[in-house]
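J.:
There are 2 protein chains.
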Amino acid sequence: MAAALMCVLTLATVVARAADALPSWNDGAAKQSIVDFVKRVATKGGKDFVPPAERITVFDNDGTLWAEQPIYFQLAFALDRVKALAPQHPEWKEKEPFVSLLKGDVKGALVGGEKALLEIVMATHAGMTTEEFEKIVKDWLATAKHPKFKRSYTELAYKPMLELLAYLRGNGFKPFIVSGGGVEFMRAFAEKVYGIPSEQVIGSAGKQKFEMRDGKPVLVKLAEIDFIDDKEGKPIGIQKFIGRRPILAFGNSDGDLQMLQWTAAGNGVRFMGLVHHTDADREWAYDRDSSIGGLNKALDEAKAKYWTVVDMKKDWKRVFSFK
Amino acid sequence: MAAALMCVLTLATVVARAADALPSWNDGAAKQSIVDFVKRVATKGGKDFVPPAERITVFDNDGTLWAEQPIYFQLAFALDRVKALAPQHPEWKEKEPFVSLLKGDVKGALVGGEKALLEIVMATHAGMTTEEFEKIVKDWLATAKHPKFKRSYTELAYKPMLELLAYLRGNGFKPFIVSGGGVEFMRAFAEKVYGIPSEQVIGSAGKQKFEMRDGKPVLVKLAEIDFIDDKEGKPIGIQKFIGRRPILAFGNSDGDLQMLQWTAAGNGVRFMGLVHHTDADREWAYDRDSSIGGLNKALDEAKAKYWTVVDMKKDWKRVFSFK
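Protein sequences, first through last, are from chains C and U. With the numbering used here applied, the first sequence covers 2 to 324. With the numbering used here applied, the second sequence covers 2 to 324.
1. Going straight from the alpha carbon of threonine 14 of chain U to that of asparagine 172 of chain U, what length do you get?
2. Between valine 202 of chain C and chain U, is any beta-carbon pair separated by less than 8 Å?
3. Using CA coordinates, which residue listed in C/Pro198, C/Met129, C/Gly216 and C/Lys146 is at the minimum distance from lysine 208 of chain C?
4. For the pair the region 77-97 of chain U and the region 268-282 of chain U, tell me if three or more CB-CB distances fall below 8 Å.
5. For aspartate 288 of chain C, which of helix, strand or coil comes out of DSSP?
6. Three Cβ pairs or more, each shorter than 8 Å: is that satisfied between the region 73-80 of chain U and the region 136-148 of chain U?
7. Name the chain U residues whose beta carbon is nearer than 9 Å to that of threonine 131 of chain C?
8. Span of the alpha helix (DSSP H) holding isoleucine 239 of chain C?
9. Can you tell me the Cα-Cα spacing of lysine 325 of chain U and serine 180 of chain C, whole angstroms?
10. Using a beta-carbon distance below 8 Å, is proline 236 of chain C in contact with chain U?
11. Under the criterion of a Cβ to heavy atom distance below 7 Å, does leucine 163 of chain C qualify as lining the ligand ATP?
12. When you compare the CB of lysine 1 of chain U with every CB in chain C, is at least one pair closer than 8 Å?
13. Of the residues that make up the region 186-200 of chain U, which ones have a beta carbon closer than 8 Å to any beta carbon in chain C?
14. For histidine 126 of chain U, report the span of its alpha helix (DSSP H) as first-last.
15. Which residues bound the alpha helix (DSSP H) around alanine 30 of chain U?
16. Expressed to the nearest angstrom, what Euclidean distance is found between the alpha-carbon atoms of glycine 113 of chain U and valine 83 of chain U?
17. Cα separation between lysine 104 of chain C and methionine 260 of chain C?
18. The beta strand (DSSP E) that contains glycine 295 of chain C, what's its start and end?
19. Buried or exposed for threonine 44 of chain C, please, with buried defined as at least 16 other CB atoms from any protein chain shown within 10 angstroms of its CB.
20. At the level of alpha carbons, what is the spacing between aspartate 316 of chain C and glutamate 225 of chain C?
21. Phenylalanine 134 of chain U: which of C/Gln240, C/Arg271 and C/Leu86 sits nearest, CA to CA?
22. Using only the alpha-carbon positions, how far apart do isoleucine 293 of chain C and glycine 64 of chain C sit?
23. Helix, strand or coil for threonine 65 of chain U, going by three-state DSSP, please let me know.
24. Given a cut-off of 8 Å on the beta-carbon distance, is the pair leucine 220 of chain C and proline 247 of chain U in contact?
25. Taking the alpha carbon of proline 176 of chain C as the reference point, which residue from U/Gly29, U/Glu200 and U/Ala189 has its own alpha carbon closest?
26. Closest to phenylalanine 228 of chain U by C-alpha separation, out of C/Ala110, C/Lys232 and C/Phe242, would be which residue?
27. With 7 Å as the limit, tell me which residues of the region 207-224 of chain U have their beta carbon closer than that to any beta carbon of chain C; keep them in chain order.
28. Tell me the residue span of the alpha helix (DSSP H) that contains methionine 162 of chain U.
29. Does glutamine 89 of chain U come within less than 8 Å of chain C when only Cβ atoms are used?
Here it is as structure tokens:
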């Protein structure tokens with residue numbers, strides 16, 4: 002009797018949990034497509050059942066799990082680091098992109114394009130050990146504020162996506178980040194903010210060197226690119242790090258297109274999703290012409306192939322955890 | 002009452018399981034050091050307790066989880082592939098290392114050293130899609146036999162190590178393979194043989210190219226090295242793929258030394274282990290002078306630092322699952 006009652010109560014809890022697992026999502030096609038997919042894949046005995054070990058899911062980070070405007074948050078970190086390191090680099094006073102940066106002219110600094118960006122990244126992400134870098138990022142995240150919201154950058158994680166990650170985990174899915182962002186930058190907060198452990202974070206990376214310092218081994222970050230996890234690099238990163246094809250992929254820009262195509266091309270039921278930034282009031286509205294998170298080809302392909310396009314303004318009841 | 006009885010029974014099962022979790026290990030210092038470590042780390046409230054998420058463990062593959070004599074099994078695969086592919090490559094009749102190989106002269110073929118080995122690997126591991134390669138490896142494993150034991154190569158996984166992997170998993174540890182072997186070669190059997198999913202397999206790798214074939218995306222394996230996961234490469238691979246330091250590492254050769262040093266240099270309790278091949282009757286006996294799995298510097302360092310050295314002859318009751 003008691004055992005039977007307990008079972009009924011447990012069952013009731015499970016059902017209740019499923020019903021409001023996504024409270025920050027408005028009822029509509031996007032939310033429905035997620036819930037339908039999870040039910041089909043996770044229902045034992047169903048024709049679309051996928052064993053838990055194969056419930057691999059991949060998420061872009063910038064613009065998909067947290068915001069990315071007015072500049073990528075990792076670039077904001079790099080700019081702050083340039084200022085902090087400037088006293089040790091008198092030569093920067095006469096060298097672009099640093100001259101412009103130190104005058105506060107970000108646009109001017111980035112006129113040099115990818116080369117300038119790479120110089121900024123290398124000057125701020127190399128030359129220290131992996132442990133030193135982790136501390137630098139954590140210290141920055143603990144104090145830096147977003148220029149528009151005056152909040153910590155980690156508070157700009159999207160509430161609906163945090164709920165989605167928890168909902169997927171609760172149904173036996175394994176979420177990975179697959180982002181163009183730096184892997185060691187993201188690992189400094191991914192577990193705390195998203196509940197995603199470091200071994201499930203895939204990103205762009207620099208080369209490293211193993212060396213002994215005072216008889217202790219360290220890994221030193223070198224100023225040399227190892228891997229760019231963007232566009233064609235995303236399916237390659239997935240194969241390198243995970244070694245099997247995801248059944249769900251979520252992105253927000255053309256940089257995610259190949260990851261979505263790679264996911265879509267597998268057998269069985271698949272979920273491909275895009276976050277469409279349509280909310281100038283609560284967040285930002287941008288797509289085809291944006292230099293950050295440009296969404297053009299992938300938006301057309303999503304519409305042609307009936308992938309799920311999340312209209313932020315319409316589909317999200319709340320955007321962030323704070324009011 | 003019933004519930005209390007059930008709890009007692011469950012508790013009894015857990016204790017029994019711990020007691021004979023390693024039945025193929027003889028009682029002795031090696032087995033004891035493993036059990037002690039697991040108890041210290043996994044006992045909640047203990048001063049050495051480590052949360053499950055941080056119970057990262059790493060294992061070399063060749064010579065640690067399965068045998069590696071008389072030649073690395075992946076090299077045996079490559080040699081069989083050279084024979085199978087020879088009709089499509091008439092030029093191999095006049096080109097080393099292929100001339101020697103096709104005459105059955107492995108030693109002659111390997112006179113060319115690393116360059117010859119690389120040519121063999123590239124000729125047999127590149128030019129196909131990742132899915133095609135997986136099928137080729139699985140087909141080979143299903144039919145190829147080890148020259149000495151006349152058994153499938155996957156039957157040469159060490160029974161005591163399979164028990165150790167299961168024991169660790171049962172206590173909330175997460176085992177990774179960190180091996181100089183090819184990552185896509187190992188992933189073709191790691192889950193089935195070791196219970197280690199593909200996303201927990203780290204190894205050497207070639208570069209890949211994303212391309213569309215008849216409107217479907219594929220990843221093509223290129224004849225270009227991306228990463229060598231050996232010696233200094235092992236801690237680098239651990240940082241790249243896992244992003245945190247293991248608390249247990251097991252190897253068997255000097256190629257594992259840096260991985261053991263990296264593991265040892267972390268805070269808190271650590272376990273460093275070496276499989277020492279001392280059993281010429283049941284397996285092989287080799288260490289300092291062996292060209293395969295040479296164990297020299299790491300053996301000295303293990304003794305000096307009181308790491309666990311598993312004496313295969315003395316410490317293992319059984320070596321393989323078959324009699």
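All C-beta atoms, glycine included, are put in the ideal place defined by N, C-alpha and C.
T.: With the structure as the only source:
1. Unreliable positioning characterises threonine 14 of chain U in this predicted model, as indicated by a pLDDT of 43, which lies under 50. The coordinate reading is nonetheless provided below. Between threonine 14 of chain U and asparagine 172 of chain U, the alpha-carbon positions lie close to 14 Å from each other.
2. Answer yes: the Cβ-Cβ gap between valine 202 of chain C and chain U drops below 8 Å somewhere.
3. Taking only the C-alpha atoms, the option nearest lysine 208 of chain C is C/Met129.
4. Between the region 77-97 of chain U and the region 268-282 of chain U there are fewer than three C-beta pairs closer than 8 Å, too few to call the two in contact.
5. In the structure shown, aspartate 288 of chain C sits in coil (DSSP, three-state: anything other than H, G, I, E or B).
6. Result yes; three or more Cβ-Cβ pairs closer than 8 Å.
7. Within chain U, the residues near threonine 131 of chain C are Gln240 and Gly244.
8. Following the DSSP letters along the chain, one finds isoleucine 239 of chain C inside the alpha helix (DSSP H) bounded by residues 234-242.
9. Summary: the structure shown does not reach residue 325 of chain U, with chain U confined to residues 2 through 324, and so no result is reported for it.
10. Yes, its Cβ sits closer than 8 Å to a Cβ of chain U.
11. Absence of the ligand ATP from the depicted structure is noted, as is the absence of any ligand whatsoever, leaving it without description.
12. Coverage of chain U is limited to positions 2 through 324, which leaves residue 1 of chain U absent and any answer about it impossible.
13. Taking 8 Å as the Cβ-Cβ cut-off against chain C, the residues of the region 186-200 of chain U that qualify are Arg188, Glu192, Pro198, Ser199 and Glu200.
14. Per DSSP, histidine 126 of chain U belongs to the alpha helix (DSSP H) from 114-126.
15. Looking at the DSSP string, the run of the alpha helix (DSSP H) that includes alanine 30 of chain U is 30-43.
16. When the Cα atoms are used, glycine 113 of chain U and valine 83 of chain U turn out to be separated by approximately 16 Å.
17. Approximately 38 Å, taken between the alpha carbons.
18. Glycine 295 of chain C -> no beta strand (DSSP E), and no H or E assigned at all.
19. Under this definition threonine 44 of chain C is an exposed residue.
20. Cα to Cα, the separation comes out at about 41 Å.
21. Of C/Gln240, C/Arg271 and C/Leu86, the residue nearest in Cα terms is C/Gln240.
22. One C-alpha to the other measures close to 9 Å.
23. Reduced to three states, the DSSP call for threonine 65 of chain U is coil.
24. Judged by beta-carbon spacing, proline 247 of chain U lies beyond the 8 Å limit of leucine 220 of chain C, meaning their Cβ atoms are not closer than that value.
25. Out of U/Gly29, U/Glu200 and U/Ala189, U/Glu200 has the C-alpha closest to the C-alpha of proline 176 of chain C.
26. Out of C/Ala110, C/Lys232 and C/Phe242, the CA that lies nearest to the CA of phenylalanine 228 of chain U is found in C/Phe242.
27. From the region 207-224 of chain U, only Gln209, Phe211, Lys217, Pro218 and Leu220 have a Cβ closer than 7 Å to chain C.
28. It spans 160-171 - the alpha helix (DSSP H) in which methionine 162 of chain U sits, taken as one unbroken run.
29. Cβ-Cβ to chain C under 8 Å: no for glutamine 89 of chain U.
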